[in-house]
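Colleague: I am attaching a structure below and will ask some questions about it afterwards.
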Amino acid sequence: PSAREEFELRRRQSAFKAMSQLKGVSATTSFGTVVIHPSADGTHIDVVWIVGLYGLRRWRVGARVKLATRRITSGDPARHPRTLSGESVEGIEGLRLDRFCHAAPAEIDVRQVGDTVHYLLAGDGLGRKQAVDLLFAEVNLAEMQRVPAQGRRGYVFAEVSTPCHEILFDVLVHDDVYPGITPGLELYDTTFDGIVNANDPARAIDRIETTARLRHLGHGKTELRNDSVPHHADLLDHVFESRGWQAGEYRAYRCQIDYPLYGSQVVVAFG
Numbered sequence: 071p072s073a074r075e076e077f078e079l080r081r082r083q084s085a086f087k088a089m090s091q092l093k094g095v096s097a098t099t100s101f102g103t104v105v106i107h108p109s110a111d112g113t114h115i116d117v118v119w120i121v122g123l124y125g126l127r128r129w130r131v132g133a134r135v136k137l138a139t140r141r142i143t144s145g146d147p148a149r150h151p152r153t154l155s156g157e158s159v160e161g162i163e164g165l166r167l168d169r170f171c172h173a174a175p176a177e178i179d180v181r182q183v184g185d186t187v188h189y190l191l192a193g194d195g196l197g198r199k200q201a202v203d204l205l206f207a208e209v210n211l212a213e214m215q216r217v218p219a220q221g222r223r224g225y226v227f228a229e230v231s232t233p234c235h236e237i238l239f240d241v242l243v244h245d246d247v248y249p250g251i252t253p254g255l256e257l258y259d260t261t262f263d264g265i266v267n268a269n270d271p272a273r274a275i276d277r278i279e280t281t282a283r284l285r286h287l288g289h290g291k292t293e294l295r296n297d298s299v300p301h302h303a304d305l306l307d308h309v310f311e312s313r314g315w316q317a318g319e320y321r322a323y324r325c326q327i328d329y330p331l332y333g334s335q336v337v338v339a340f341g
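What follows is the structure in structure tokens.
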């Protein structure tokens, strides 16, 4: 690594140690995969989210752990998360992917507020020996416009809402969505003004300079397997088979950051 990369890594590692103590919680890996597919109506895109925290530990009684999926748009119908098989769900049970966890599956409460779904760690297990994994998949049909309005970009993002050793964020885009567009990586600070709409020029001031890169991993899921994610290959097979989609029709991109800054937002933008 370059001198700058080494400098940033050491400072982020120090920040991780401090935040995990202050927040009373930490995870080994924050994992997110988003699969983008054209909707049947021809004007929208369907989005599958696979979201997980591996090696999740609570170090202080009452420490809160929260994951969220959300949409930042206006004028579209309300979000109605579905299972991989397309069934409507009200709680977490139909979304869980416990069989792909390595540690014990976490107890989770789910709450939906508008277009945001919050997944909260339940129970009161503490310490190194009480590590749990949290993994679920959520399908949102007709989630976004297939062709963004003039002057706007399509984008997806992951949030660093739990102090973690690494974030692994993969984006799989069908060849018929955003054709000919090479995505870019942007990092934002959300601690002052909250989650960023990447189409809002006023939030450019919150951009974080970084040495992190977005890697193109070709087509399909062959190059996606990562040792940080237990049963990664089987998990991806399950998702594509459940939706009846062909992995070879998707181009794959990855952002992997060691000790990502707590409160940062990782954006992959098309355009």
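Each position in the sequence shown, counted from 1, maps to that position plus 70 in my numbering.
Quick reminder that beta carbons are idealized off the backbone N, C-alpha and C, glycines included.
These numbers were taken from a predicted model, which means no experiment stands behind them.
What residue from 167, 217, 120 and 76 has the CA that sits closest to residue 113's CA?
Modeller: Residue 217 is the option with its Cα nearest to residue 113.
Colleague: So what does residue 248 bridge to, in DSSP terms?
Modeller: Its beta-bridge partners do not exist; DSSP assigns none.
Colleague: Within the chosen definition, does the stretch 133-143 reach the stretch 233-250 through at least 3 CB pairs nearer than 8 Å?
Modeller: The answer is no - the stretch 233-250 does not touch the stretch 133-143, with fewer than three Cβ pairs under 8 Å.
Colleague: Please confirm if the stretch 174-192 is in contact with the stretch 102-116, defined as three or more CB-CB distances below 8 Å between the two stretches.
Modeller: They do not touch, by the three-pair rule.
Colleague: So, at 6 Å on beta carbons, what are the nonlocal neighbours of residue 234 in its own chain, with the 5 sequence-adjacent residues on each side left out?
Modeller: So the qualifying residues of the chain are 97 and 100.
Colleague: Let me check understanding here. Comparing Cα to Cα, which of 208, 213 and 75 lies closest to residue 164?
Modeller: The residue with the shortest Cα to Cα distance from residue 164 is 208.
Colleague: What residue from 134, 222, 287 and 123 has the CA that sits closest to residue 324's CA?
Modeller: The candidate whose alpha carbon is nearest that of residue 324 is 287.
Colleague: Quick one: what's got a C-beta closer than 7 Å to residue 94's C-beta in the same chain, skipping five residues either side?
Modeller: Excluding residues within five positions, the ones whose Cβ falls inside 7 Å are 128, 129, 130 and 133.
Colleague: Provide the residue(s) that pair with residue 224 in DSSP beta bridges, ordered along the chain.
Modeller: Residue 224 is bridged to 340.
Colleague: Whole angstroms is fine: what's the gap from residue 92's alpha carbon to residue 126's?
Modeller: One C-alpha to the other measures close to 15 Å.
Colleague: Report all residues from its chain with a CB closer than 8 Å to the CB of residue 223; omit the five preceding and five following residues, and keep chain order.
Modeller: Hits under 8 Å: 268, 269, 339, 340 and 341.
Colleague: For residue 168, which residues from the same chain have a beta carbon less than 6 Å from its beta carbon, with the 5 sequence-adjacent residues on both sides left out?
Modeller: Excluding positions up to five away in sequence, the list reads 175.
Colleague: Count the other CB atoms, across all protein chains shown, that sit within 10 Å of the CB of residue 231; report buried if there are 16 or more and exposed otherwise.
Modeller: Per the 10 Å Cβ criterion, buried.
Colleague: Considering only residues of the stretch 131-176, which uninterrupted beta strand (DSSP E) runs meet the minimum length of 3 residues and lie entirely inside it, listed in chain order?
Modeller: With a minimum length of 3 residues, the continuous beta strand (DSSP E) runs that stay inside the stretch 131-176 are 136-140.
Colleague: With a threshold of 7 Å on Cβ separation, who are the neighbours of residue 185 within its own chain once the five nearest residues in sequence on each side are excluded?
Modeller: Closer than 7 Å at the Cβ level, and outside the excluded window around residue 185, lie 140, 141, 148 and 149.
Colleague: Pick from 260, 121, 120 and 283: whose alpha carbon is nearest that of residue 275?
Modeller: The candidate whose alpha carbon is nearest that of residue 275 is 260.
Colleague: Buried or exposed for residue 310, going by 16 or more other Cβ atoms inside 10 Å?
Modeller: Flag for residue 310 reads buried.
Colleague: What are the start and end residues of the beta strand (DSSP E) that includes residue 390?
Modeller: One cannot answer for residue 390 here, as it falls past the ends of the chain, which runs 71 to 341.
Colleague: Which residues in the same chain as residue 201 place their Cβ atom closer than 6 Å to its Cβ, once the five residues preceding and following it in sequence are excluded?
Modeller: Around residue 201: 125, 127 and 173.
Colleague: Report the three-state DSSP secondary structure of residue 265 (helix, strand or coil).
Modeller: Three-state DSSP puts residue 265 in coil, outside helix and strand.
Colleague: Only counting the same chain, and skipping five residues up and downstream in sequence, which positions put a Cβ closer than 8 Å to that of residue 157?
Modeller: If we look at residue 157 and ignore the five residues flanking it on each side, its Cβ neighbours are 164.
Colleague: What is the residue span of the alpha helix (DSSP H) that residue 312 lies within?
Modeller: Taken as a continuous stretch (DSSP letters only), the alpha helix (DSSP H) holding residue 312 covers 302-313.
Colleague: Does the separation of the CB atoms of residue 118 and residue 313 fall below 9 Å?
Modeller: Against a cut-off of 9 Å, the Cβ pair of residue 313 and residue 118 comes out as a contact.
Colleague: List the whole-angstrom C-beta distance separating residue 243 from residue 329, where the pair is believed to meet the contact cut-off of C-beta under 8 Å.
Modeller: That belief does not hold up - the Cβ atoms of residue 243 and residue 329 are roughly 27 Å apart, past 8 Å.
Colleague: Given a threshold of 16 other Cβ atoms within 10 Å of its Cβ, counted over all protein chains shown, does residue 106 qualify as buried or as exposed?
Modeller: Buried is the call here.
Colleague: With respect to the alpha helix (DSSP H) encompassing residue 85, which residues constitute its N-terminal and C-terminal limits?
Modeller: Unbroken alpha helix (DSSP H) run through residue 85: 73-93.
Colleague: Would you mind stating whether residue 291 and residue 303 have Cβ atoms separated by less than 9 Å?
Modeller: Contact: yes.
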